[in-house]
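Worksheet: the structure to be examined is printed underneath.
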Amino acid sequence: MTMTKKLVITLLLLISIAFVHCLAFHVDLEEFEPPQQEEQDVPRRGPGGRSSEGWEEESTEFPYHFRKRSFKNWFQSNEGFVKMLPKFTKRARNLFRGIENYRFALFEMEPNTFLVPHHLDADSVVLVLQGHGVVEFVTDKTKESFHVTKGDVVRLPSGVTHFATNTNQTVPLRFVKIIVPVNNPGQFKDYFPARSQFQQSYFTGFSKEVLSASFNIPEELVGRLFSGSQQTGQGIMRRVSPDQIKELTKHATSPSNKHKETKSKHKDISTKLRPFNLFTQDSVSSYTNDFGHFHEAHPESFDQLQDLRIAVAWTNMSQGSLFLPHYNSKTTFITFVENGCARYEMASPYSFQGEQQQQEQQWWPQQGGEEEEDMSGQVHKIVSRVCKGDVFIIPAGHPFTLVSHDENFVSVGFGIHASNCTRTFLAGQENVLSNLDTVATRVTFGVGSKVAEKLFTSQNHSYFAPTTRSHQQTREKREPSFQSIFSFAGF
Amino acid sequence: MTMTKKLVITLLLLISIAFVHCLAFHVDLEEFEPPQQEEQDVPRRGPGGRSSEGWEEESTEFPYHFRKRSFKNWFQSNEGFVKMLPKFTKRARNLFRGIENYRFALFEMEPNTFLVPHHLDADSVVLVLQGHGVVEFVTDKTKESFHVTKGDVVRLPSGVTHFATNTNQTVPLRFVKIIVPVNNPGQFKDYFPARSQFQQSYFTGFSKEVLSASFNIPEELVGRLFSGSQQTGQGIMRRVSPDQIKELTKHATSPSNKHKETKSKHKDISTKLRPFNLFTQDSVSSYTNDFGHFHEAHPESFDQLQDLRIAVAWTNMSQGSLFLPHYNSKTTFITFVENGCARYEMASPYSFQGEQQQQEQQWWPQQGGEEEEDMSGQVHKIVSRVCKGDVFIIPAGHPFTLVSHDENFVSVGFGIHASNCTRTFLAGQENVLSNLDTVATRVTFGVGSKVAEKLFTSQNHSYFAPTTRSHQQTREKREPSFQSIFSFAGF
Amino acid sequence: MTMTKKLVITLLLLISIAFVHCLAFHVDLEEFEPPQQEEQDVPRRGPGGRSSEGWEEESTEFPYHFRKRSFKNWFQSNEGFVKMLPKFTKRARNLFRGIENYRFALFEMEPNTFLVPHHLDADSVVLVLQGHGVVEFVTDKTKESFHVTKGDVVRLPSGVTHFATNTNQTVPLRFVKIIVPVNNPGQFKDYFPARSQFQQSYFTGFSKEVLSASFNIPEELVGRLFSGSQQTGQGIMRRVSPDQIKELTKHATSPSNKHKETKSKHKDISTKLRPFNLFTQDSVSSYTNDFGHFHEAHPESFDQLQDLRIAVAWTNMSQGSLFLPHYNSKTTFITFVENGCARYEMASPYSFQGEQQQQEQQWWPQQGGEEEEDMSGQVHKIVSRVCKGDVFIIPAGHPFTLVSHDENFVSVGFGIHASNCTRTFLAGQENVLSNLDTVATRVTFGVGSKVAEKLFTSQNHSYFAPTTRSHQQTREKREPSFQSIFSFAGF
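These protein sequence lines are chains L, D and X, in that order.
Position in the first sequence (first residue = 1) + 78 = our numbering.
Position in the second sequence (first residue = 1) + 78 = our numbering.
Position in the third sequence (first residue = 1) + 78 = our numbering.
What follows is the structure, given as structure tokens:
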């Protein structure tokens with residue numbers, strides 16, 4: 079009997095194990111993840127020296143705001159770095175399909191460095207944020223080199239071999255770049271004739287026989303020059319001596335010297351290649367007052383930007399200022415914060431709940447979700463604090479504002495699909511709503527005629543204005559009459 | 079022993095439960111469906127007042143024909159309605175990828191109503207079907223308003239704030255709209271400065287601090303003016319008094335007054351905004367005879383349509399008429415039936431079996447299906463009876479005809495990709511096949527020279543012709559000789 | 079006790095079965111595959127007479143190289159054939175999305191044959207490889223016919239009805255065609271007014287009532303003329319007598335007679351339709367020396383190619399020659415081998431491992447793979463032997479070379495996205511790297527100044543050069559001094 083009992087107990091134990099097993103299995107299934115998912119989680123790293131910081135999951139963030147850490151390190155060494163944002167559609171496919179073919183990168187070159195020659199299978203536009211350098215373009219017929227500095231815009235056509243030198247002894251050369259791939263949407267590569275650490279020469283793609291015959295040099299030397307990567311050598315940015323810098327940049331011209339020719343009818347490749355400056359060029363549109371400055375180069379005004387339909391903008395806001403609410407008619411802006419922090423506020427009728435978390439696992443159902451159109455009439459509040467190094471997106475048509483509080487704020491932006499785009503302000507002296515007839519305002523906003531007359535006309539500034547806090551006292555003295563109008567109107 | 083027995087029986091029971099459990103589990107797995115699938119089946123409704131009629135599954139229909147009930151109610155009230163077709167790619171992805179970025183909507187405003195100011199993140203073109211109204215465009219610099227009536231075409235550029243008034247006391251103002259989104263393919267939104275029932279103001283997206291500082295008004299009033307939706311208030315279409323209409327439309331000009339200036343070189347935004355009329359403008363192409371009228375505005379002739387490459391067409395067929403078989407070289411037409419019913423016949427070499435049912439569940443396999451090209455040489459008969467309120471699609475290259483039987487038939491269409499498009503007729507006096515040499519016709523159609531000479535030249539009408547029934551007697555008297563040619567030719 | 083023991087053993091057995099069962103279940107889950115996968119494996123074939131050779135899995139091949147057998151037989155008879163490449167994205171979606179909307183076809187018409195009239199829902203460009211023929215365009219207003227021969231380029235606009243005759247008594251008429259669909263990316267169809275074997279007439283899409291009324295012919299004759307396919311009749315290519323050829327081609331003009339008018343301002347459809355010749359037209363760019371010839375028509379120079387942004391190129395290399403390494407700035411070339419074999423070498427920074435095998439089953443994970451960007455800096459060697467009938471792809475930016483060994487080599491190519499494209503050579507007299515300053519070369523390649531000066535300037539030929547083998551003796555006599563420079567430089 080005792081034996082039987084023992085056996086029975088053992089059996090019960092076994093059975094409960096079996097149960098637990100089956101139960102556990104249920105749990106497993108609920109946690110089921112497709113196997114390729116796990117592979118994806120394994121970080122893919124380039125060989126040492128290029129750490130891929132990876133894509134930071136920012137599950138509580140708005141998809142329009144890319145924090146500094148969202149950048150991937152494409153290259154990093156003591157001589158500088160290249161950081162790149164992932165494809166926008168990777169963040170939110172439904173929201174960013176219209177800018178799928180654009181990529182954003184940030185470059186920094188230390189003093190006395192040289193970025194080696196290369197070309198891209200992409201067109202691109204560069205905006206210099208800081209420092210002094212020389213950029214040189216080489217083709218099989220000519221070469222041209224230009225001094226560049228803060229506010230200079232450089233068009234880099236697809237396939238043009240180019241290199242750059244930081245000519246300053248102390249200040250890093252810092253620039254942002256918008257990249258427009260020509261082969262495949264949102265994908266591009268750099269092509270280097272010379273090998274460097276972690277970067278093979280494109281001549282590696284050719285056999286020794288071909289290289290020997292092509293250069294008319296002995297076959298046995300080809301390997302030493304081009305094969306493999308330079309395991310112990312330098313990266314794509316290299317330290318150069320002041321003498322070498324002098325030699326490298328001796329032919330460089332200052333773009334402003336050739337300013338007048340920009341308007342010439344002879345639109346050859348060199349016109350397109352000539353840099354221009356956002357702060358000094360006449361054709362740049364500007365708004366400016368005590369609270370801020372705004373400079374924008376339109377593709378209609380600059381040959382360099384025309385075929386890409388890209389606009390380039392620079393915004394500088396004083397402490398305690400407001401970039402008055404406005405929207406862009408057709409253009410989406412990809413904006414980079416160069417200095418300070420600000421509050422970014424945007425009204426979006428698009429819903430994006432769960433866009434981020436679900437995207438990789440559930441692409442198609444989500445695509446289906448896009449088709450199930452949201453017709454709720456709801457407006458979503460996009461509010462975020464953006465700081466130096468962050469990127470934010472302002473889609474076309476979306477009313478948008480920026481508020482700087484404790485410090486000056488500087489941002490730069492590339493506008494996509496910028497042909498014939500207009501910026502429409504919703505407040506300030508130039509204000510679409512102030513142009514409504516009084517009766518239209520009354521019927522639209524359901525207010526009396528006195529309120530209708532004053533509602534959109536009380537702001538005396540244009541484009542930039544002081545925040546409430548920064549002029550609270552002033553306003554409270556000035557505006558009691560307006561408040562009584564509202565009281566009068568029954569609010 | 080009894081105890082042992084009882085224990086054993088208990089164990090057996092437990093084990094069978096375990097078995098059943100595992101078995102049930104198998105069944106579960108076979109019935110496994112991804113959870114998001116079920117979520118999709120839950121209808122998403124806007125708040126009351128906007129019922130989403132939903133997408134009607136028309137499994138036995140041709141994908142080219144959208145019945146009246148396919149429209150979704152985007153807005154509906156006593157003052158009027160806005161109905162919208164779902165994305166074309168939702169109906170048949172493989173057939174309609176080329177028109178993915180186009181949306182079609184129908185508007186109706188009751189007499190004495192006002193459509194409140196708003197803008198879209200989309201370009202659009204409007205064609206007025208019925209009634210009289212005024213459309214006004216407002217920018218931060220100017221405003222312009224125009225009287226519009228039947229046959230008027232209005233270009234609405236992306237981002238331009240606009241509103242409309244039905245100025246007629248008795249007749250609804252009715253128009254169709256083709257919409258070309260600028261942010262994301264096939265997706266767009268409306269942006270309203272003022273709240274209304276079920277529609278939030280875009281100012282809801284901003285904090286009170288920002289709105290107060292922007293408008294220079296007290297913060298405590300901002301909420302009352304802009305937040306939330308107007309739960310007990312009016313919709314986006316509002317009843318207005320005759321006095322208000324007079325006031326709202328006092329600056330409106332008639333587009334025909336400015337007709338001559340349309341040709342001026344100064345192509346500013348106002349030229350683009352100026353409406354034109356399909357029936358009176360010289361640059362409109364027209365065919366006309368006893369059996370029908372056809373009017374078409376090409377993008378080459380109208381600045382308003384040029385950059386969108388959209389054509390606008392109006393067809394009016396008498397009872398018992400035939401729009402002679404023809405095809406468009408590059409343009410796909412999205413056609414709306416405004417009056418009557420007709421038989422739509424089209425020849426399509428594309429197969430679309432199962433396109434509709436499978437699309438949501440098996441998108442990629444179906445995409446694969448597209449790749450497995452149909453090389454059967456088969457031609458599919460697309461025959462459908464289209465009636466008032468329906469939409470039908472005529473893709474480029476597809477031979478197509480319309481037959482009206484018992485009543486007059488009116489349809490209007492927007493042509494997509496309409497630059498340098500030609501319409502080629504396959505029958506009638508102007509007829510591509512009648513221009514073949516006799517020997518080419520003989521070799522091609524395998525007929526004798528007498529048949530070859532008469533086959534494509536016996537129709538005396540162009541563009542529109544009577545149907546067989548409507549002139550049967552006439553023909554039977556006239557054509558015996560031709561029949562004998564065929565007999566002679568061995569048919 | 080024994081009974082208890084037996085029961086216990088039975089129970090243990092049952093429990094182990096339950097365990098095994100659960101275990102097996104684990105295995106099942108691991109082998110789980112979605113059911114629709116299996117459906118895909120069922121081959122879809124057209125009706126007999128058109129065998130679909132199908133897509134040859136070339137698992138060990140580079141995706142850039144399409145062997146002769148990759149073509150599908152679209153039509154084949156004693157009178158000739160039409161072969162077509164599958165959609166490029168079917169081979170490698172991530173690599174070829176940029177050329178998704180282009181299709182490539184090869185035509186061959188036997189002597190004394192006629193290709194019946196038809197139109198396409200696609201624009202296309204034809205290049206004649208061999209033979210003599212006449213192509214005729216017919217619209218509902220006009221007709222024009224032209225003699226064509228080797229090197230002639232013919233633009234076929236979308237929707238234009240056309241037919242062709244091989245006018246030579248002995249030589250087949252052979253041409254290649256690039257096709258740009260207008261309805262849906264990468265999909266197009268041919269539309270035939272007349273039925274032939276395995277090909278229905280588009281009039282089959284219409285009812286007899288409509289056809290009878292349209293042509294004004296008796297209804298009972300319509301069926302005999304148009305319905306069904308001509309089961310016992312001829313294909314789309316037909317044998318014609320010398321007399322019929324004479325009659326069919328009597329109005330044909332030679333394009334060169336109208337050469338001067340090509341530059342006229344009157345760019346009507348007939349200018350676009352007029353063929354031009356790659357070997358005789360002045361506006362064609364050419365490189366030529368003892369080792370090869372290269373002719374290229376750019377879209378900037380020819381109205382026929384302008385709106386499609388397609389370039390057409392013809393390469394002819396002598397035995398033992400090298401097309402010096404170069405890349406195209408923006409253009410992807412689709413190249414067809416017309417004669418001989420050559421080694422194709424290309425450097426690609428894109429990885430494509432497993433692209434082919436996985437694509438149909440794992441489309442989305444692979445798309446995810448695209449997003450997980452390869453930042454390894456690795457360059458892939460694409461080396462392949464390409465022979466008559468093969469097609470190879472040269473994407474924009476990719477350094478590329480061709481080596482002919484035992485025979486003359488002829489290839490022809492269509493360049494996609496060819497506006498403002500430049501070809502940059504990496505070796506030879508015109509060579510981008512030879513334009514680098516000496517100091518830039520030294521810093522970039524890590525060589526001494528003597529090597530830097532000679533490295534990219536030792537090749538005296540441009541564009542085409544002899545291979546190593548073909549002038550080994552010459553070089554060895556001439557170049558010892560250069561070798562000693564390298565030794566001196568410490569290599």
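Yeah, the Cβ is synthetic: ideal placement off N, Cα and C, and Gly gets one too.
These figures come from a predicted structure and were not determined experimentally.
(Q) Could you give the first and the last residue of the continuous beta strand (DSSP E) run that contains residue 393/D? (A) 389-395
Q) Would you say residue 178/D and residue 263/D are within 7 Å of each other, going by their C-beta atoms? A) yes
Q: Return the chain-ordered list of same chain residues with a C-beta closer than 7 Å to the C-beta of residue 330/L, the five sequence neighbours on each side being excluded.
A: 212, 223, 224, 225
Q: Determine, using beta-carbon pairs with one atom in the segment 402-418 of chain X and one in the segment 371-384 of chain X, whether at least three such pairs fall under 8 Å.
A: Too few Cβ pairs lie closer than 8 Å, so no.
Q | Within chain L, partners of residue 267/D - CB distance below 8 Å | A | 427, 428, 475
(Q) Taking DSSP's pairing of strands, which residues face residue 198/D in a bridge? (A) Its beta-bridge partners are 268/D.
Q: Could you pull out every residue in the same chain whose Cβ sits closer than 8 Å to the Cβ of residue 138/X, ignoring the five residues on either side in sequence?
A: Low confidence applies to residue 138/X: its pLDDT is 48, below 50, so where it sits in the model is not reliable, and the reading given next is rough at best. Contacts found: none.
Q) Taking only beta-carbon atoms, is residue 180/X less than 7 Å away from chain D? A) no
Q | Contact with chain D by residue 280/X, beta-carbon distance below 7 Å | A | yes
Q) Any residues in the segment 351-385 of chain L with a beta carbon nearer than 8 Å to a beta carbon of chain D? Which ones, in chain order? A) none
**Q.** Residue burial classification, residue 366/L (beta-carbon count within 10 angstroms, cutoff 16)
**A.** exposed
Q | Alpha carbon of residue 400/L to alpha carbon of residue 369/L, nearest angstrom | A | 8 Å
Q: Verify the CB distance criterion: does residue 177/X have a CB-CB separation below 7 Å to chain D?
A: no
Q) Pick from 312/X, 544/X, 146/X, 496/X: whose alpha carbon is nearest that of residue 154/X? A) 312/X
Q) Which runs of the alpha helix (DSSP H) spanning at least 4 residues fall entirely within the segment 488-552 of chain L, listed in chain order? A) 516-523, 527-533
Q | Residue interval of the beta strand (DSSP E) (run including residue 215/L) | A | 210-216
Q. If you check the beta carbons only, do residue 233/X and residue 206/X fall under 7 Å apart?
A. Cβ distance not < 7 Å, so residue 233/X and residue 206/X don't count as in contact.
Q: Tell me, please, whether the segment 506-526 of chain L touches the segment 267-278 of chain D by the rule of three or more beta-carbon pairs shorter than 8 Å.
A: yes
(Q) Helix, strand or coil for residue 290/D? Go by DSSP, reduced to three states. (A) Under the three-state reduction of DSSP output, residue 290/D falls in the helix class.
**Q.** For residue 365/D, the residue or residues it bridges with in DSSP
**A.** Answer by DSSP bridge pairing, in chain order: 372/D.
Q: Over the uninterrupted beta strand (DSSP E) stretch that includes residue 384/X, give me the two end residues.
A: Run containing residue 384/X: none in the beta strand (DSSP E); it sits in the alpha helix (DSSP H), 381-384.
Q) Just checking, does the segment 455-468 of chain D make contact with the segment 233-245 of chain X on the three C-beta pairs under 8 Å criterion? A) no
Q) Are any of the Cβ atoms in chain L nearer than 7 Å to that of residue 327/D? A) no
Q) Residues in its own chain within less than 7 Å of residue 405/L by CB, not counting five upstream and five downstream? A) Excluding five sequence positions before and after residue 405/L, the CB atoms of its chain that fall closer than 7 Å to its own CB belong to 475, 476, 477, 478, 502, given in chain order.
Q: Rounded to whole angstroms, what's the CA-CA distance from residue 161/L to residue 374/L? Just pull it up for me.
A: Residue 374/L has its alpha-carbon roughly 24 Å from the corresponding atom of residue 161/L.
Q.
Quick check on residue 398/D - is its C-beta less than 7 Å from some C-beta in chain X?
A. The Cβ of residue 398/D sits no closer than 7 Å to any Cβ of chain X.
Q) How long is the line joining the alpha carbons of residue 414/X and residue 389/X, rounded to whole angstroms? A) Inter-residue distance for residue 414/X and residue 389/X is about 14 Å (C-alpha atoms, whole angstroms).
Q | Where residue 316/L meets chain X, residues with beta-carbon distance less than 7 Å | A | Going along chain X in sequence order, the residues near residue 316/L (Cβ under 7 Å) are 521.
**Q.** Interface flag, residue 272/D vs chain L, CB-CB below 7 Å
**A.** yes
Q: Assign residue 320/L to buried or exposed, taking buried as 16 or more other Cβ atoms, counted over all protein chains shown, within 10 Å of its Cβ.
A: exposed
**Q.** Beta-carbon proximity check, residue 283/D vs residue 251/D, cutoff 7 Å
**A.** no
Q. To the nearest angstrom, how far is it from the Cα of residue 61/D to the Cα of residue 517/D?
A. Limits of chain D in this structure are 79 at one end and 569 at the other, which puts residue 61/D out of reach.
Q | Delimiting residues of the alpha helix (DSSP H) encompassing residue 68/L | A | Past the edges of chain L, shown from 79 to 569, lies residue 68/L, and the structure says nothing about it.
Q) DSSP three-state call for residue 141/X: helix, strand or coil? A) coil
Q) Along chain D, which residues have their Cβ under 7 Å away from the Cβ of residue 510/L? A) 216, 217, 218, 239
Q. Along chain D, in chain order, which residues have C-beta atoms closer than 8 Å to that of residue 148/X?
A. Under the 8 Å cutoff, chain D gives no residues; its nearest Cβ is about 14 Å from residue 148/X.
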